[in-house]
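In what follows, a structure is listed as structure tokens, so that the remarks can point back to it.
Residue numbers (this note's numbering): 367 to 645.
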């Protein structure tokens with residue numbers, strides 16, 4: 367590891383998996399979803415350039431790099447790594463990937479304190495209602511990582527350097543600087559953990575990848591009103607295809623109906639009845 371970049375969970379292995387682990391989904395031309403244990407990363411192609419969205423679980427760099435090379439080629443590095451947010455399961459392999467590829471990282475400006483070693487995330491809330499993963503969540507790392515000057519804020523007005531057909535959308539709630547990515551021409555949405563397509567607090571449903579639209583993971587979400595507003599923002603886009611941070615890609619009528627229901631009944635369907643981050 368670099369003498370400058372630091373991660374406190376570099377030596378931690380999270381023994382969680384799913385039936386989708388290691389699978390790749392050709393969602394749309396130039397849009398590929400790869401499942402790393404229980405979390406999704408996305409490979410985007412724009413012209414001759416490639417981008418990586420999120421960086422998986424701890425110790426995932428080699429598997430992510432191999433999956434990326436299967437699409438882009440062994441000698442190709444992404445132009446940049448784009449982060450939806452900085453929780454441990456979305457940045458687990460990022461330091462090793464930066465070192466191997468020597469590429470910049472972009473995130474929302476409100477997420478930068480957690481990516482530059484300035485501030486730890488709030489501790490996971492194991493008291494929220496839910497399944498076994500929710501109860502296990504106090505064991506999950508919440509520490510900041512330090513990417514030093516390798517990470518920078520996205521530009522204004524949703525702009526992504528080099529990706530003119532995509533834009534970032536601020537979708538806070540799960541974290542303060544959480545973003546989603548959207549391509550208007552075909553209404554493709556990469557939602558991170560603003561909502562997911564599996565009950566992420568249930569160990570059984572995570573393992574089997576039973577598909578259902580759910581709110582953001584309860585144990586790591588700290589602002590529930592903002593999270594609800596973010597779901598409303600994304601539902602208003604009427605996405606035709608969605609890749610979320612957890613769960614299988616979803617499209618068509620099942621996505622439209624499920625997201626509309628979540629937006630309408632978020633308090634009942636997504637918010638826990640109790641928990642330390644409820645206001």
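Where is the CB? At the ideal position from N, CA and C, for every residue including glycine. All of these numbers come straight from a predicted model, not from anything done at the bench.
In this structure, the alpha-carbon of residue 591 lies about 17 Å from that of residue 602. Between the stretch 471-481 and the stretch 507-523, the count of C-beta pairs closer than 8 Å reaches three or more; the two stretches touch. About 5 Å separates the beta carbon of residue 554 from that of residue 607, a gap short enough to meet the 8 Å contact definition. DSSP assignment within the stretch 538-614 yields the following whole beta strand (DSSP E) runs of 3 residues or more, N-terminal first: 545-549, 554-558, 607-610. Rounded to whole angstroms, the gap between the alpha carbons of residue 404 and residue 574 is 10 Å.
Taking a contact as a CB-CB distance under 8 Å, the pair residue 469 and residue 501 does not count as one, their CB atoms being some 37 Å apart. Shown here, residue 620 sits in a helix according to DSSP, grouped into three states. Closest in alpha carbon position to residue 637, among 433, 414, 595, 613, is 595. According to the DSSP assignment, residue 633 belongs to the alpha helix (DSSP H) that extends over 632-635.
The C-beta distance from residue 541 to residue 487 rounds to 7 Å, short enough to fall under 8 Å. As summarised for the stretch 478-511, the continuous alpha helix (DSSP H) elements at least 4 residues long and confined to that stretch are 478-481, 498-502, given in chain order.
Around the CB of residue 392, fewer than 16 other CB atoms lie within 10 Å, so the residue is classed as exposed. The stretch 448-464 and the stretch 409-422 touch, with three or more beta-carbon pairs separated by less than 8 Å.
Residue pairing by DSSP leaves residue 523 without any beta bridge partner.
The shortest CA-to-CA distance from residue 427 to any of 581, 546, 413, 401 is the one to 401. Taking a C-beta distance under 8 Å as the contact criterion, residue 412 and residue 531 qualify as a contact pair. Distance check between residue 556 and each of 382, 527, 408 places 408 closest, using alpha-carbon atoms only. Within the stretch 376-408, the complete beta strand (DSSP E) segments of 3 residues or longer fall at 390-394, 397-402, listed in chain order. Each residue's CA atom was taken as its position, placing residue 461 and residue 506 some 19 Å apart.
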